[in-house]
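Colleague:
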Amino acid sequence: MLVIVSSMVCAALSSMILGTFMCVLVILSRKLQINPDNIACPMASSLGDLLTLIILAVCGEFLLQYLHSWTSTIVFFVLMVSIPLWTCMVRTNKYVRDLLVNGWTPLFVAMIIASIAGLILEEYIEEYNGLALLTPVLSGIAGNIGSIYASRISTHLHGGGEESYRRSELILFLIHIPVELLFLISASWFD
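Residues in the sequence shown are numbered consecutively from 18, following the numbering used here.
1. Determine whether the beta carbon atoms of residue 53 and residue 62 lie at a separation below 8 Å.
2. Contact check, residue 84 vs residue 19 under 8 Å by CB: the rounded distance?
3. To the nearest angstrom, report how far apart residue 111 and residue 118 are at their CA atoms.
4. Report the CB separation of residue 92 from residue 26 in whole angstroms; it is logged as a contact under 8 Å.
5. Tell me the DSSP secondary structure of residue 151 in three-state form.
6. Is there contact between the stretch 21 to 36 and the stretch 142 to 159, where contact requires at least three CB pairs shorter than 8 Å?
7. Label residue 165 either buried or exposed according to how many other C-beta atoms from any shown protein chain fall within 10 Å of its C-beta, with 16 as the threshold for buried.
8. For the alpha helix (DSSP H) that residue 18 lies in, which residues bound it at each end?
9. With a cut-off of 8 Å on the beta carbons, I'd call residue 138 and residue 152 a contact; round off their distance for me.
10. When you compare each of 49, 48, 51 and 58 to residue 161 by their alpha carbons, which one comes out closest?
11. Excluding sequence positions up to five away, which residues of its chain have a Cβ less than 7 Å from the Cβ of residue 70?
12. For a test of the three-state rule: what should DSSP assign to residue 145, helix, strand or coil?
13. Taking only the alpha-carbon atoms, compute the straight-line gap between residue 78 and residue 23 and give it to the nearest angstrom.
14. Quick one: Cα of residue 66 to Cα of residue 31, how far?
15. Mapping the DSSP letters down to three states, classify residue 10 as helix, strand or coil.
16. Can you give me the start and stop residues for the alpha helix (DSSP H) that residue 91 sits inside?
17. Take residue 171 as the anchor and find which of 89, 75, 60 and 120 has the nearest alpha-carbon.
18. Helix, strand or coil for residue 83 per DSSP?
19. Below 8 Å between beta carbons: does that hold for residue 158 and residue 186?
20. Put residue 166 into one of helix, strand or coil per three-state DSSP.
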């Protein structure tokens, strides 16, 4: 129960903190006339992991003090009971109603894909020395570049424009290859 409650509280707190930070970051980017697509997504993915781990450690440490009490169970039930409340609030808000299906479905699919990738990584981790150290960096670089691309597409679609994304796609892909190669070459020196 301790692990479940720690992760649920961590998810709620990190979402609140990161959501606020991202809103401020986009507003500042607009005021400084910087394209927030180039800044917000990589910052969200990088800071998201770091902040989530810190909050998870703090929540786990705090709840560990109450291991033999009802605290974790009470917090769990409060969070579970609040899910229908938040769902009703989102369903009645016409601006975010579509996010229940259109926003959460891709997240659940991504979570399933990440879980399968983790199982595959766990299966082959013993055969390839150093793979555990390289995987977060390699997937992080690809994730940041992919998030920039997806953010550019969604920003342009919400703006109502039509554009060929081949140029952005090609530039981001060409940036990705040398960075990955440079990292792999530098990592091979330490082997």
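Cβ atoms here follow ideal geometry from the backbone N, Cα and C, with glycine treated the same way.
Modeller: Judging by the given coordinates:
1. Stepping through the sequence shown from its first residue, residue 53 is reached at position 36. Stepping through the sequence shown from its first residue, residue 62 is reached at position 45. Going by C-beta atoms, residue 53 is not nearer than 8 Å to residue 62.
2. The residue labelled residue 84 in the question sits at position 67 within the sequence shown. The residue labelled residue 19 in the question sits at position 2 within the sequence shown. The Cβ separation is near 6 Å, so the contact holds.
3. Start at 1 with the first residue of the sequence shown, and residue 111 comes out as number 94. Start at 1 with the first residue of the sequence shown, and residue 118 comes out as number 101. Answer to the nearest angstrom: the Cα atoms are 13 Å apart.
4. Your numbering for residue 92 matches position 75 in the sequence shown. Your numbering for residue 26 matches position 9 in the sequence shown. 7 Å between Cβ atoms; contact.
5. Along the sequence shown, read from residue 1 onward, the residue named residue 151 stands at position 134. Helix at residue 151.
6. no
7. As a working mapping, residue 165 is identified with position 148 in the sequence shown. Burial call: buried.
8. By 1-based counting over the sequence shown, the position of residue 18 is 1. Residue 18 -> no alpha helix (DSSP H), and no H or E assigned at all.
9. The sequence position of residue 138 within the sequence shown is 121, counting from 1. The sequence position of residue 152 within the sequence shown is 135, counting from 1. Going by Cβ atoms, the distance from residue 138 to residue 152 rounds to 6 Å, so yes, they are a contact pair.
10. Taking the sequence shown and counting its residues from 1, one reaches residue 161 at position 144. Out of 49, 48, 51 and 58, 58 has the C-alpha closest to the C-alpha of residue 161.
11. The sequence position of residue 70 within the sequence shown is 53, counting from 1. None.
12. Locating residue 145 in the sequence shown gives position 128, where the first residue counts as 1. In this structure, residue 145 counts as coil in the three-state DSSP scheme.
13. Here the question's residue 78 lines up with position 61 in the sequence shown. Here the question's residue 23 lines up with position 6 in the sequence shown. Rounded to the nearest angstrom, the two C-alpha atoms are 9 Å apart.
14. As a position in the sequence shown, residue 66 is number 49, starting the count at 1. As a position in the sequence shown, residue 31 is number 14, starting the count at 1. One C-alpha to the other measures close to 9 Å.
15. Any question about residue 10 goes unanswered here, given that the chain covers just 18 to 208.
16. Residue mapping note: residue 91 aligns to position 74 of the sequence shown, counting from 1. Unbroken alpha helix (DSSP H) run through residue 91: 88 to 109.
17. Taking the first residue of the sequence shown as 1, we reach residue 171 at position 154. When only C-alpha atoms are compared, the closest one is 120.
18. The count along the sequence shown starts at 1 and reaches residue 83 at position 66. Residue state, collapsed to three classes: coil.
19. Position 141 of the sequence shown, counting from 1, holds the residue named residue 158. Position 169 of the sequence shown, counting from 1, holds the residue named residue 186. For residue 158 and residue 186, no; Cβs fall outside 8 Å.
20. What you label residue 166 is simply residue 149 of the sequence shown in a count that begins at 1. Helix.
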